[in-house]
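Residue numbers (the numbering used here): 576 to 1126.
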């Protein structure tokens, strides 16, 4: 078997491993945590695009024309269109939303392997792909829908064309690079940070090589600035500038204190593992040495750009990076390149010192480095695979409560209502985007007095949602009055009161796990199954005892 064939086999194995591990929990219900929140958020935007043709991300479910204030413009606007595509092709399911995330991760792995194959070699490409698959952060977020992976994929595609442009000076390669540079900025903010070292490299290349290369620099600036300018224009025209400034302020709070660096280090260990974190730091020193000694190559720009974007991002958006661990995703590319580069460098240095049988020595040293780093990374990667699904993508959330009972309750609220109805949410009901996926109805925050005071024309489209156990005494009295004339549905402590219908009956159920799940279902759903509803006569009795005397 040739080196090329061996590399292809290893690449196929890595791709299969990414696909299989990414399918774990892909059909899980959207429960509390980053997985559920983003699943509900991006599915909401996709539904609004499908229903209303909205290109911009509308972040609230609505069956009427979306309002400008419901737009979400804290990030560039393209990511939800991936979910629009998968939901159109696969239907409206949880796995359709996660499929968009997994496809983005898979595209990153494929494009990384291609960049490495062309500019490092086949075996390095196979090693980079294998490293990418087991980096704990990629295990955590492989099927998590977020702007990170799409922007990484676009940036890697940029480097494919840009490095080729440096060799060929063909305008079609430059055009490909410019297209993907602009596309990357349509997904996330990090590509704008990566643009700094890329610009410096393009500028220096233009000075050194002349010819067509100086013309690339202003074109690259236009490609980078164009999507940013378009986003700023959208924010301005829709009246979201104050909200953007507030969001920026929240994400950049906190100073560069010792505790910040301690927490950032803990995030790095959790998301990459100590071996890869050490390898990444050592590689950065190696690259700095190359730059100082003027031995750096154009291919070094790939890792440098991703590392620069990551380090600047976590220093600028300090609070945002600490809350959202998936903002460290760019580090997965750095780790993969670092392992390949260190392996190649160390094996070459040792082989040069041992002249006899240098080829064998180089192979042995390379194998030892790979086994040491990846072997030490496998245990934290496996732990990340299990913990990520248990905590629903929230690595530092302690204690964690998935709130699985909300899912069957929200499904009940959806089934009991119609498009155009409004779910009035009392503050006792903790409402997040994962629940919005199952409601799929217009919602509005409201107090009990406001619901009682609803005029008849609004009552005929109104349903109330609250948690009776968390109500004040006055709110309990008001709820009891409404429950005397409107039907009530209870599921595991969550209450739905239908103001559209008359009748004071109470029907209580409890959320229960299915008795039997096949092995395949367990794998696709992960640790949290789709809960069912079962009659709960004891809850009906308790409700009658608590509210029956508060007429």
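Every residue, glycine too, gets a C-beta built ideally from N, C-alpha and C.
- Ranked by Cα distance from residue 690, the first of 732, 805, 913 is 732.
- Under the DSSP assignment, residue 927 falls in the alpha helix (DSSP H) whose first and last residues are 905 to 928.
- Sequence-distant Cβ neighbours of residue 1082 in its own chain, meaning closer than 6 Å and more than five residues away, are 1064.
- CA-to-CA, the gap between residue 840 and residue 852 works out to about 9 Å.
- Residue ranges of uninterrupted alpha helix (DSSP H) with 4 or more members, entirely inside the stretch 977 to 1009 and ordered along the chain, are 981 to 991.
- For residue 988, the closest of 995, 1038, 957, 960 by C-alpha to C-alpha distance is 1038.
- Note on geometry: alpha-carbon atoms of residue 629 and residue 1072 lie some 32 Å from one another.
- Residues of the same chain with a CB within less than 6 Å of the CB of residue 598, apart from the 5 flanking positions on each side, do not exist.
- Taken in chain order, the whole alpha helix (DSSP H) runs of length 4 or more contained in the stretch 804 to 848 are 816 to 826, 833 to 847.
- With contacts defined by Cβ atoms closer than 7 Å, residue 965 and residue 900 do not form a contacting pair.
- For residue 1069, the pairing in a beta bridge is given by DSSP as 1066.
- Annotated three-state conformation of residue 942 is helix, per DSSP.
- Inter-residue distance for residue 764 and residue 578 is about 38 Å (C-alpha atoms, whole angstroms).
- Inter-residue distance for residue 968 and residue 609 is about 5 Å (C-alpha atoms, whole angstroms).
- Taking 7 Å as the cut-off, the Cβ atoms of residue 910 and residue 695 do not count as close.
- Judged by DSSP in its simplified three-state form, residue 1087 adopts strand.
- Per DSSP, reduced to three states, the secondary structure at residue 1059 is coil, with no helix or strand assignment.
- By the C-beta criterion, the stretch 706 to 724 is judged to be in contact with the stretch 670 to 682, since at least 3 inter-stretch pairs fall below 8 Å.
- Going by DSSP, residue 1019 is part of the beta strand (DSSP E) stretching over 1017 to 1020.
- Straight across, the Cα-Cα distance linking residue 767 with residue 822 is about 18 Å.
- The beta carbon of residue 882 lies closer than 7 Å to those of 859, 909 in the same chain, with the five residues before and after it left out.
- When the five nearest sequence neighbours on each side are left out, the beta carbons in the same chain lying within less than 8 Å of the beta carbon of residue 1112 are those of 1083, in order along the chain.
- Here residue 1053 is not near residue 1029, since their CB atoms are 7 Å or more apart.
- By the Cβ neighbour-count rule, residue 1047 is exposed, with fewer than 16 other Cβ atoms within 10 Å of its own.
- Residue 1037 has 997 as its beta-bridge partners, per DSSP.
- In its chain, beyond the 5 residues on either side, 740, 791 have a beta carbon closer than 6 Å to the beta carbon of residue 749.
- In this structure residue 999 is buried. Its beta-carbon is surrounded by 16 or more other beta-carbon atoms within 10 angstroms.
- A Cβ-Cβ separation of about 13 Å leaves residue 757 out of contact with residue 725 under the 8 Å criterion.
- The C-alpha of residue 771 is placed about 21 Å away from the C-alpha of residue 649.
- C-alpha of residue 1122 to C-alpha of residue 1077: approximately 18 Å in a straight line.
- Rounded to the nearest whole angstrom, the CA to CA distance from residue 1088 to residue 809 is 45 Å.
- If you draw a straight line from the Cα of residue 737 to the Cα of residue 1006, it comes to about 46 Å.
- Note that the C-beta distance between residue 983 and residue 1086 is below 7 Å.
- Rounded to the nearest angstrom, the gap between the Cα atoms of residue 1108 and residue 986 is 10 Å.
- Secondary structure note for residue 885: its alpha helix (DSSP H) is the uninterrupted segment 875 to 891.
- One thing to note: residue 787 has its Cβ within 7 Å of the Cβ of residue 744.
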